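Chains as they are written, first to last, in my numbering: chain F, 783 to 1100; chain U, -10 to 456.
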């Protein structure tokens, strides 16, 4: 029992550090994508720190809630935020180990994000306006279709490395050296489509719209104001950063620190930032060169991703 | 010969368990029974069929063949997906829960099938994981389904109707029932750290761990397919319960019955509280359950837990720590810390929340402008229309001129595929044969006497011919 306490303490402090770091950097990623999109549209775009200014403004405001809403409406953003924070501790970022990797691997990560989504969707039905119900219905539909594709894509890469635990996965890949297998490309393409679907970006959903016919995620969170909205936006940004970090971990974990030396950590930080930035550019280009799909075309896109994941599994293992 | 026995026993026990296509009695029986009996039926009686399948089909006929395992996985996957798809379209609360029982029986059979496939190959560790996952889900389903049925019973009792479209705003009027129903809904959707997640995690382990060591390509591919089906089922179940809980308990009441609802008495709330607590406990301490399951599974042949599998009360690592390891309690602690962080961040505003009416786009917000359960599941109905084959009838009744309708009637229906295309022809065939045989019962005493005499003569001839 005694030697476990410093271990537990160390894991806890690393978890807090990682969660704080990802929470701090998530708004920067969101604004960077917005700015790159704007530049592609020949506009200036917001200043890079706009995400932080928005969060600070919203956190200072008075919370305004509907008369018909109950405690579920208040709990929704809090559980969504809590789930995002808990998920940050399960993913290896700089070091080839996640702070709470003993707590769970890929399956727990997917379950955590599902918990957040369930809480938000349920709370959306609480105000009695049709927008919330519509957004919740559409979001749960897309999530239901995206989940098998997400699972298969994750399995394709995890089974190749022999473990479902993200820390062990990254460590085994780093140990055996990064080998390129054609199935990786297919699995990456499939998972990239799912990341676009789960983070609510064009072509699945438009994060900048509030038109009734076109919003999915935004409809779910339409009724939130003040601190509640700040929590939802912050958690969404963290989810985006988490998904991109997950892609980095699964497909290009080069440069992750395998020891606690400061030099290794700095190199890992630069490598991670660079890779996430490259993926952000990929997201920006996808958003800028595609039109938003009709809702009933999204299943076709998701089935493409499912097919790619299947192919990846088939090529690798059959 | 063993195959015939397996087939017959599987069909027999399958009718009891409610697998597709033998499930047609379930959605009729569960809503008709009183609530406590529905809870027992769904939680316990269905498992009698599962017990039969485990005892006889999996272990009672010797080492199972690979084809048996594949059949069980296929039937399980079909039941799970079709069960949840049909549940999504139900607007009778108890029928919805009955279809979810079919789905969960499918999940139980998925785990059992993976175990049987492993037994056929002689892989005792994988077989242990599969059967243990199956039994863990049996326990969990009994707990959360019982909880959901009891909650549904409360709601049905105070409102007098089972239709979800008539509910709404019940959380304000029945806070405890709502809370316990929410816990049950989160458990059945497989959300961590509740018990549904723990048993589904173990079922995923059975599939993915099985993938690694299998030889034949077709069998090997069945494992990730099973995993994908399980993921689809879980996600659809979550969508269905967002609908069931959200439309029933949240926002404004959609009918007088819902507006007049009141909380159930404490004697009805106490068992729900106990079951909800069990949901949480069984989810947070999976190791304890696995230890008990280990004792249960010890006498069964061919099962061997992995030597380095971990179940120290808090965590599970069925395939060995390097493969995957989960400790729901640590996750729950992280979640609670995350939510506590919110308290720090959101406290800076210093304002108390202001309550205002919801914006109704300039009109008045009422029960008519709320989202309905039918609308909530419509996108899924359109996407899966190959399964549902929905039909729709719209009539507008006009008095003076068709341009000014007095009433618009909308009727939408999904096709009851099994009832219409499997059971009705079967029933008709049986009735035809019975009608044909009616000729023999002519009603005439002379005819009956003639039959008796013919039978006696024939018997005497036989006895004489024998001797």
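Don't be surprised by glycine CBs; every beta carbon is placed ideally from N, CA and C. On a predicted model such as this, the values are computed, not experimentally measured, just so you know.
Exposure label - residue 783 of chain F; buried when at least 16 CB within 10 Å: For residue 783 of chain F, the predicted model reports a pLDDT of 46, less than 50, meaning its position is unreliable; a value from the coordinates is still stated below. Counting Cβ neighbours within 10 Å, residue 783 of chain F comes out exposed, since fewer than 16 surround it.
What residues from the stretch 962 to 982 of chain F come within 7 Å of chain U, judged by C-beta to C-beta, listed N to C? none
So residue 1125 of chain F contacts chain U; which residues on that side make the cut at Cβ distance below 8 Å? The requested residue 1125 of chain F is not part of the displayed model; chain F covers only 783 to 1100.
Rounding to the nearest angstrom, what Cα-Cα distance links residue 59 of chain U and residue 17 of chain U in this structure? 29 Å
What are the start and end residues of the beta strand (DSSP E) that includes residue 399 of chain U? 394 to 402
Which stretch, first to last residue, makes up the alpha helix (DSSP H) that contains residue 354 of chain U? Counting along the chain, residue 354 of chain U falls outside any alpha helix (DSSP H), and DSSP gives it neither H nor E.
Find out if the Cβ-Cβ distance for the pair residue 878 of chain F, residue 956 of chain F is shorter than 8 Å. yes
Range covered by the beta strand (DSSP E) that runs through residue 846 of chain F: 846 to 848
Using a Cβ-Cβ cut-off of 8 Å, state whether residue 279 of chain U counts as contacting chain F. no
Does the beta carbon of residue 918 of chain F sit closer than 8 Å to a beta carbon anywhere in chain U? yes
Should the stretch -4 to 5 of chain U be called in touch with the stretch 37 to 48 of chain U, which here means at least 3 C-beta pairs below 8 Å? yes
Based on DSSP bridge pairs, tell me the residues matched to residue 81 of chain U. U:152
I want to see whether chain F comes within less than 8 Å of residue 469 of chain U, judged by CB atoms only; does it? It is not possible to answer for residue 469 of chain U, since the shown part of chain U is limited to -10 through 456.
Span separating the alpha-carbon of residue 425 of chain U from that of residue 214 of chain U: Going from the Cα of residue 425 of chain U to the Cα of residue 214 of chain U covers about 47 Å.
Kindly indicate which residue of U:341, U:216, U:247 and U:293 has the alpha-carbon position closest to the one of residue 1010 of chain F. For residue 1010 of chain F, the nearest C-alpha among the options comes from U:341.
Rounded separation between residue 206 of chain U and residue 1097 of chain F - CA only: 11 Å
Answer with buried or exposed for residue 1087 of chain F, where buried requires no fewer than 16 other C-beta atoms within 10 angstroms of its C-beta. Around the beta-carbon of residue 1087 of chain F, 16 or more other beta-carbon atoms lie within 10 Å, marking it buried.
Looking at chain F, which residues of the stretch 131 to 162 of chain U have a Cβ within less than 7 Å of any of its Cβ atoms? 160 and 161
Contact between the stretch 152 to 163 of chain U and the stretch 231 to 240 of chain U: three or more CB pairs below 8 Å? With a cut-off of 8 Å on Cβ pairs, the stretch 152 to 163 of chain U is in contact with the stretch 231 to 240 of chain U, counting three or more such pairs.
Identify the contact partners of residue 930 of chain F in chain U, using a Cβ-Cβ distance below 7 Å as the criterion. 217, 220 and 221
Helix, strand or coil at residue 386 of chain U [DSSP, three-state]: Residue 386 of chain U sits in a strand when the DSSP states are folded into three classes.
In the DSSP assignment, what residue or residues form a beta bridge with residue 1039 of chain F? F:877
Residue 345 of chain U: first and last residue of the uninterrupted beta strand (DSSP E) it sits in: Counting along the chain, the beta strand (DSSP E) containing residue 345 of chain U begins and ends at 343 to 345.
Short CB-CB distance (under 8 Å) between residue 347 of chain U and chain F: yes
Could you check if residue 344 of chain U is buried or exposed, using at least 16 other CB atoms within 10 Å of its CB as the buried criterion? exposed
Mind listing which residues of the stretch 1072 to 1097 of chain F have their C-beta closer than 7 Å to chain U's C-betas, in chain order? 1077, 1078, 1081 and 1095
Look at the alpha carbon of residue 170 of chain U and the alpha carbon of residue 1093 of chain F, and state the distance between them as a whole number of angstroms. Going by C-alpha positions, residue 170 of chain U is about 41 Å away from residue 1093 of chain F.
Any idea if residue 275 of chain U is buried or exposed, counting beta-carbon neighbours within 10 angstroms, 16 or more meaning buried? When all chains shown are included, residue 275 of chain U counts as buried.
Closest residue to residue 246 of chain U among U:427, U:352 and U:149 (Cα-Cα distance): U:149
Alpha carbons only, please: which of U:418, U:151, U:75 and U:165 is nearest the one belonging to residue 402 of chain U? With respect to the C-alpha of residue 402 of chain U, the residue from U:418, U:151, U:75 and U:165 having the closest C-alpha is U:75.
Measure the alpha-carbon distance for residue 25 of chain U versus residue 893 of chain F and round it to whole angstroms. 31 Å
Ends of the alpha helix (DSSP H) at residue 1092 of chain F? 1080 to 1099
Out of curiosity, what's the CA-to-CA distance linking residue 266 of chain U and residue 164 of chain U? 16 Å
Counting only beta-carbon atoms, is residue 1029 of chain F nearer than 8 Å to chain U? no
Within chain U, partners of residue 863 of chain F - CB distance below 9 Å: 327, 328, 330, 331 and 334
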